Amino acid sequence: MMLRAFALSLTLLTGLLPGFAQATVLQRPISLDTGSGELFGSMLLPKSDTPVPVVLIISGSGPTDRDGNNPEGGRNDSLKRLAWVLARHNIASVRYDKRGVAASLAATPDERNLSVEAYVADAVAWSHKLAADPRLGPLILLGHSEGALIASLAAPQANAAAVISVSGSARPIDQVLRQQLGSRLPPALMLRSNELLDSLKAGRPDTDVPPQLHVIFRPSVQPYLISLFRQDPAHAFAALKMPALIIQGSNDIQVSVDDAKRLKAAKPDAQLALIEGMNHVMRIVPNDVKRQLASYKDPNLPLAAELGAHILDFIGALAAR
C-alpha cells in the first residue's frame, strides 16, 4: 500500500500543554507485517521537536474496526474521535483493524482461526513497532470494552508505560454473557444458552446451536469464545506493574460500574474515573434503551468531555514522574 501523508492544522485545546497554541498533525496510514498476515491502521502524529507520548488504541469485541464502528452495531466513530482529542493535545495515537476485521480481514479471513492469544500477540507487535519509532515517546495501551482485556494481557510484553481501560469488564466474559442474555431470552432459550456457555467454558465446542442464538454461538466463532472464556480480566489487570486508569460510564448498558470497581479492587493503585451519564460508546446519553441504541449509530454525538479530561490528566502525570 502506498502511504500518502498530509498535514492538518488543528487548534490545541488548553489544559495539558499550555505553551502550545497550535499543532500540526500528520495523519497517515500505517501497517504491520505480523508474519502471519498484514494489519492496517491509522496514525495521528503531532509535529514536535521531541518525542511525544503515543497511545495504541485497541478496539472492542466482534468486527469492531479501528474507528470503533461495527457493521452489526452501527457507525459512531468513537475511537476515531478519541484519537483526535489526543492529537489536539500533542499525543500521538495508532488505531488499527484487528486481524479478521475490515482492512485486516485477509490476515485471518476464517474466524475459526481467531483467538485472544493472536490479538494479544498483534498488540505486542504493534507496540514494538512504535517503540522503534524515534518520533514517539512513552507507550500507553488503551483498550475499549474487550480491548481492555487485550491491553492488560499485552502490556507486560509490550513494555507499556501505562494502561487505560475504558468500559472494560472485570468478570470472565461468559459471566457477562449470562447476565446480558438472562434478561433477554425466554426460559427455554436461556437454558440452552447456559448449556452452550458451560460447554465452551470447559473448552468443548457444541455445534447444536438454535437459530435464535446463532449470532452469538455460531460454530465458527466458538474457538474464539473458548479462548476468551479462559481469560480472567480482573486477574490480568491485577498483574499489571505499570500505572493504570479505569474509566467507566454510569449509563453503560454493556459493562457496569461494579466491573470498574472490581478492577480497582484488583489493582488498588489504579486510578478510577466514573463518568456520570456516559454510555458504552463514550457519549452522554440518558438511560433510555431507544436513545442508547441510537447513539451507537450517531457519529456526530460529541464524546463525553470528562473522558478526554481524565485521559489527558493521566498521560500528563506520566510525563511528570
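With mature numbering (1 follows the signal peptide of the UniProt record, and there is no 0) applied, the sequence shown corresponds to residues -23 to -1, 1 to 298, in that order. By construction, the Cβ of each residue, glycine as well, lies at the ideal position given by its N, Cα and C atoms. Here the structure is a predicted model, which is why all the values come from computation and not from measurement.
Going by Cα to Cα distance, which pick from the options is closest to residue i?
i: Arg76; options: Phe17, Ser122, Leu126; result: Phe17
i: Arg239; options: Leu63, Ala80, Arg148; result: Arg148
i: Phe291; options: Ala271, Gly45, Leu249, Leu280; result: Leu249
i: residue 313; options: Gly285, Leu278, Ala294; result: This structure leaves residue 313 out entirely; the chain is present only between -23 and 298.
i: His257; options: Thr11, Asn46, Glu15, Ala64; result: Asn46
i: Pro133; options: Val192, Pro220, Asp42; result: Pro220
i: Leu168; options: Gly180, Ala179, Val186; result: Val186
i: Ala215; options: Tyr201, Val101, Ile230, Lys244; result: Lys244
Within 10 angstroms of the Cβ of residue i, are there 16 or more other Cβ atoms? Answer buried if so, exposed if not.
i: Asp151; result: buried
i: Ala296; result: exposed
i: Lys274; result: exposed
i: Val140; result: buried
i: Thr85; result: buried
i: Arg161; result: exposed
i: Pro279; result: exposed
i: Ala109; result: exposed
i: His212; result: exposed
i: Ala83; result: exposed
i: Pro232; result: Looking at the sequence itself, residue 232 is Val, so the reference to Pro does not match. Val232 comes out buried.
i: Gly37; result: buried
i: Thr41; result: buried
Which value, in whole angstroms, describes the spacing of the CA atoms of residue i and residue j?
i: Gln(-2); j: Ser25; result: Confidence in Gln(-2) is poor, its pLDDT being 49 and thus under 50, which makes the residue's placement unreliable; the coordinate value appears in the next sentence. So the alpha carbons of these two residues sit roughly 11 angstroms apart.
i: Pro188; j: Pro196; result: 12 angstroms
i: Ile127; j: Gly39; result: 13 angstroms
i: Ser204; j: Ser55; result: 27 angstroms
i: Val192; j: Gln157; result: 14 angstroms
i: Leu3; j: His105; result: 21 angstroms
i: Pro28; j: Thr1; result: 14 angstroms
i: Arg298; j: Ala137; result: 15 angstroms
i: Val262; j: Ala64; result: 25 angstroms
i: Ser146; j: Ser227; result: 14 angstroms
i: Asp99; j: Gln225; result: 25 angstroms
i: residue 306; j: Gly124; result: Limits of the chain in this structure are -23 at one end and 298 at the other, which puts residue 306 out of reach.
i: Ile288; j: Asp87; result: 36 angstroms
i: Arg43; j: Met255; result: 21 angstroms
Assess contact between the region 26 to 44 and the region 107 to 117, defined as three or more Cβ pairs (one per stretch) separated by less than 8 angstroms. Is contact present? Contact between the region 26 to 44 and the region 107 to 117 is present, with at least three C-beta pairs closer than 8 angstroms.
Could you name each continuous beta strand (DSSP E) segment of 3 residues or more that falls completely within the region 46 to 121, going from the start of the chain to the end? Counting only runs of 3 or more, we get 69 to 73, 113 to 121.
Is the region 165 to 182 touching the region 84 to 97 in the sense that three or more CB pairs, one from each, lie closer than 8 angstroms? Note that the region 84 to 97 does not touch the region 165 to 182; fewer than 3 beta-carbon pairs, one per stretch, sit closer than 8 angstroms.
Report yes or no: do the region 6 to 23 and the region 66 to 73 share at least 3 C-beta pairs separated by less than 8 angstroms? In short, these stretches touch, since the Cβ pair count reaches three.
Where are the beta strand (DSSP E) runs, 3 residues long or more, that stay fully inside the region 3 to 48, in chain order? Here the runs fully enclosed are 15 to 23, 29 to 35.
Beta strand (DSSP E) runs contained entirely in the region 135 to 196, provided each spans 3 or more residues: 139 to 143
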